[in-house]
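Each remark here refers to the structure printed beneath this line.
Number of protein chains: 2
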Amino acid sequence: MDQTQRLKAGSAHKAASGRAADALVRDIEARIVSGALMDGATLPPERDLIDTFGVSRTVVREAVAVLASRGLVESRPRYRPVVRRPGFDAALAAASGVVGHLLADGGGVRSLYDTRIFIETGLVRHAARHARKPDIEALRRALDANEAAIPDSAEFYATDVAFHAVLYDIPQNPVLPAVHRAFTAWLAPHWTKMPRSPERNRVNHLRHADIERAIRERDADAAEAALTAHLNAAWEYVRGTFEGPRR
Amino acid sequence: MDQTQRLKAGSAHKAASGRAADALVRDIEARIVSGALMDGATLPPERDLIDTFGVSRTVVREAVAVLASRGLVESRPRYRPVVRRPGFDAALAAASGVVGHLLADGGGVRSLYDTRIFIETGLVRHAARHARKPDIEALRRALDANEAAIPDSAEFYATDVAFHAVLYDIPQNPVLPAVHRAFTAWLAPHWTKMPRSPERNRVNHLRHADIERAIRERDADAAEAALTAHLNAAWEYVRGTFEGPRR
DNA sequence: GCGCCACCTTTGGTCTGACTAAACTTGTCC
DNA sequence: GGACAAGTTTAGTCAGACCAAAGGTGGCGC
């Protein structure tokens with residue numbers, strides 16, 4: 020029994036948390052996941068939400084702000100918020116604000132980079148044992164694209180990412196590609212600051228080729244060794260992007 | 020001393036995104052990570068923030084709501100928000116709202132569970148090769164506690180989680196324990212709905228013992244085999260927690 | 001003197017109404 | 001038919017108000 024009930028059209032709000040905005044968030048959340056608000060559609064105008072849910076504009080705006088910070092809607096400053104159906108990407112995007120701070124010091128970067136090595140180690144082992152023919156072909160294509168891009172460092176970076184992305188796709192688990200995108204997004208600032216050159220690119224391409232060959236030959240240990248050698252070598256370059264100005 | 024100087028800070032905010040609340044979020048965020056607002060401290064009252072930052076209450080409330088949804092502050096309905104220094108846990112907590120929806124269907128659970136298997140596979144391999152003596156002792160202690168708890172299913176669950184937690188600790192990467200906590204939090208609803216019995220517990224303990232032995236004997240392949248057998252068997256029980264009412 | 005309860009103050013949650021500026025829509029003119 | 005101008009929405013923000021719950025304070029009874 021609540022004191023001042025929201026007697027309006029609002030359905031099952033108030034009870035849960037005592038905070039109307041939270042209830043609204045849950046309500047809109049539900050409409051998004053249920054498909055009532057479809058991906059890509061714009062949210063109704065704030066004034067409409069006001070009388071749809073029977074709450075004040077304050078509450079509506081608070082709710083929308085929270086939804087935006089959770090990645091369920093995308094809200095550019097003066098435009099209508101756009102609904103984004105949540106995926107594992109949205110989940111990781113929600114985390115990225117905090118991660119940004121953790122990356123402020125080298126320790127955070129190292130932890131994240133180690134995590135990436137850890138995961139990709141598992142990925143190449145998995146690939147060596149379970150990759151099917153189309154996977155290996157995709158890997159081959161990515162490798163060729165990588166080779167072709169050696170002279171162009173910007174292009175090389177893109178094909179580099181794409182090559183690793185193939186590894187994340189092989190297990191056919193939607194969480195993993197999302198993790199990869201999160202990694203690249205988080206580490207990109209360091210990656211782009213890294214010195215690059217066709218020679219470096221050539222070395223990296225050769226490492227990729229080692230990985231591809233080991234996977235093709237179904238040699239999990241060799242694949243793991245090639246991968247760790249590749250990423251550990253790359254770390255030396257990543258480290259330079261924040262240790263220089265710091266030490 | 021800066022009632023009138025507020026203009027300067029105001030313009031600094033405005034420049035970034037056009038939205039005052041976003042700027043406020045960044046500002047408070049910075050104060051938290053810099054330590055100006057210490058972990059566990061309460062946020063100043065909203066009215067104080069109003070004239071500290073020279074914005075209206077609307078903006079302040081919106082900012083606090085966003086901070087709360089990001090896990091930087093903890094805000095219970097009628098209490099003062101409490102500052103929480105962000106860690107990798109906070110990052111994953113921020114994601115959990117979205118993850119909740121992804122777990123609504125079995126596919127999401129399966130994806131997450133597969134991810135867990137994938138990671139723990141890597142963990143036991145890592146442990147078999149790199150665990151130091153104290154790690155192995157910790158694993159042993161966790162295993163003993165697990166055995167002692169066989170008669171008590173609730174206690175067994177706790178020791179089960181603790182056993183796996185040791186695996187996540189061994190690489191000494193702060194990201195991994197956070198991931199483990201996230202996994203257990205997300206999968207707990209299913210886990211607790213699972214039928215449990217001393218017989219089941221005994222089987223699980225034996226699997227844990229297999230894992231521990233393989234790690235102690237530095238046999239990565241055996242450790243991986245024991246782990247996958249353990250988790251795949253457990254999956255059959257997890258599946259029952261949502262396939263029953265669904266099919 | 002000590003603990004408990006009523007009272008007052010503070011503060012979070014919400015609402016109303018208003019204003020501005022940017023986006024969207026419409027209509028007009030060349 | 002397309003570019004430009006005026007009108008209409010609407011997000012962003014502010015100010016002021018009210019309520020109810022949390023927290024502190026003093027007096028009362030024991």
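Top line first, the protein sequences correspond to chains A and B. In terms of the working numbering, the first sequence opens at residue 20 and continues consecutively. In terms of the working numbering, the second sequence opens at residue 20 and continues consecutively. The C-beta atom is built at its ideal place from N, Cα and C for all residues, glycine as well. As the structure is a computational prediction, the values presented were derived from the model and not from experiment.
Closest by CA to residue i, which one among the options?
i, options, result
"Trp16 (chain A)", "A:Pro217, A:Asp108, A:Asn220 and A:Val79", "Examination of residue 16 (chain A) is not possible in this model, given that chain A is present from 20 through 266 alone."
"Arg80 (chain A)", "B:Ala40, B:Arg159, B:Asn223 and B:Phe175", "B:Ala40"
"Val117 (chain B)", "A:Thr178, A:Ala123, A:Thr203 and A:Val44", "A:Val44"
"Ile230 (chain B)", "B:His249, B:Lys212 and B:Val198", "B:His249"
"Arg95 (chain B)", "A:Ala244, A:Arg38 and A:Leu122", "A:Arg38"
"Thr61 (chain B)", "B:Phe72, B:Arg76 and B:Arg104", "B:Arg104"
"Arg284 (chain A)", "A:Pro153, A:Arg135, A:Phe202 and A:His149", "The question about residue 284 (chain A) has no answer here: the residues shown for chain A are numbered 20 through 266."
"Ala252 (chain B)", "B:Arg235, B:Leu225 and B:His145", "B:Leu225"
"Ala42 (chain A)", "A:Asn223, A:Val180, A:Val85 and A:Glu139", "A:Val85"
"Ala19 (chain B)", "B:Ala241, B:Asp46, B:Pro170 and B:Ala49", "Past the edges of chain B, shown from 20 to 266, lies residue 19 (chain B), and the structure says nothing about it."
"Gly7 (chain A)", "B:Ala113, B:Gly106 and B:Leu91", "This structure gives no information on residue 7 (chain A), because the portion of chain A shown stretches from 20 to 266."
"Glu48 (chain B)", "A:Val180, A:Leu121, A:Pro153 and A:Val257", "A:Leu121"
"Ile138 (chain B)", "B:His199, B:Arg221, B:Pro153 and B:Gly106", "B:His199"
"Thr134 (chain B)", "B:Ala201, B:Arg232, B:Pro214 and B:Ser53", "B:Ala201"
"Ala244 (chain B)", "B:Ile136, B:Ser115, B:Asp46 and B:Leu131", "B:Ile136"
"Gly126 (chain B)", "A:Leu142, A:Gly106 and A:Ala123", "A:Gly106"
"Ser115 (chain B)", "B:Ala207, B:Gly59 and B:Arg151", "B:Ala207"
Can you give the Cα-Cα distance for residue i and residue j, rounded to whole angstroms?
i, j, result
"Pro217 (chain A)", "Ala157 (chain B)", "48 Å"
"Arg160 (chain A)", "Val194 (chain A)", "23 Å"
"Glu93 (chain B)", "Asp70 (chain A)", "30 Å"
"Val78 (chain A)", "Arg66 (chain B)", "18 Å"
"Ala82 (chain B)", "Trp210 (chain A)", "31 Å"
"Ala55 (chain A)", "Ser75 (chain A)", "22 Å"
"Pro63 (chain B)", "Ala87 (chain B)", "14 Å"
"Phe175 (chain B)", "Ala168 (chain B)", "5 Å"
"Ala28 (chain B)", "Gly259 (chain B)", "For Ala28 (chain B), the predicted model reports a pLDDT of 36, less than 50, meaning its position is unreliable; a value from the coordinates is still stated below. Spanning the two alpha carbons is a distance of roughly 57 Å."
"Pro170 (chain A)", "Ala184 (chain B)", "46 Å"
"Thr203 (chain B)", "Arg129 (chain B)", "14 Å"
"Thr140 (chain A)", "Gly119 (chain A)", "24 Å"
"Ala35 (chain A)", "Ala233 (chain A)", "Confidence is the limiting factor: at Ala35 (chain A) the pLDDT is only 43, short of 50, which leaves the residue's position unreliable, though a coordinate-based value still follows. In a straight line, the C-alpha of Ala35 (chain A) is about 55 Å away from that of Ala233 (chain A)."
"Ala173 (chain B)", "Tyr132 (chain B)", "21 Å"
"Ile51 (chain B)", "Asp154 (chain A)", "45 Å"
"Pro214 (chain A)", "Asn223 (chain B)", "50 Å"
"Leu273 (chain A)", "Arg235 (chain B)", "Chain A is shown only over 20 to 266; residue 273 (chain A) falls outside these bounds and no answer can be derived."
"Gly59 (chain A)", "Ser53 (chain B)", "37 Å"
"Ala110 (chain A)", "Ala123 (chain B)", "14 Å"
"Ala197 (chain A)", "Arg151 (chain A)", "21 Å"
Residues in the same chain with beta-carbon distance under 6 Å from residue i, minus the five sequence neighbours each way, listed in chain order, please.
i, result
"His227 (chain A)", "Leu162, Asn165 and Phe182"
"Asn220 (chain B)", "Ile169 and Phe175"
"Leu68 (chain A)", "Val79"
"Thr178 (chain A)", "Ala164, Asn165 and Ala168"
"Ser30 (chain A)", "Bear in mind that the predicted position of Ser30 (chain A) carries a pLDDT of just 38, short of 50, making it unreliable; the figure below should be weighed with that in mind. Nothing meets the Cβ criterion."
Using a Cβ-Cβ cut-off of 8 Å (strictly less than) and excluding sequence neighbours within five positions of residue i, which residues of its own chain qualify?
i, result
"Arg266 (chain A)", "Here the model assigns Arg266 (chain A) a pLDDT of 42, short of 50, so the residue's position is not dependable, and the following value carries that caveat. Nothing listed; no residue qualifies."
"Glu255 (chain A)", "none"
"Val257 (chain A)", "Val128, Tyr132, Leu206, His209, Trp210 and Met213"
Within the present structure, is the beta-carbon of residue i separated from the nearest heavy atom of the ligand ATP by less than 7 Å?
i, result
"Val102 (chain B)", "Ligands in the displayed structure: none, and consequently the ligand ATP is not present."
Tell me which residues share the same chain as residue i and place their Cβ nearer than 7 Å to its Cβ, disregarding the 5 neighbours each side in the sequence.
i, result
"Ala239 (chain B)", "Arg144, Ala147 and Arg148"
"Thr247 (chain B)", "Ile136 and Thr140"
"Val180 (chain B)", "Thr203"
"Met57 (chain B)", "Val102"
Check whether the segment 169-189 of chain B and the segment 90-106 of chain B touch, using three or more Cβ-Cβ pairs below 8 Å as the test.
no
Could you name each continuous alpha helix (DSSP H) segment of 4 residues or more that falls completely within the segment 82-135 of chain A, going from the start of the chain to the end?
107-121
Please specify which runs of the alpha helix (DSSP H), each continuous and at least 4 residues long, are wholly inside the segment 156-243 of chain A, giving them in chain order.
172-188, 194-212 and 217-235
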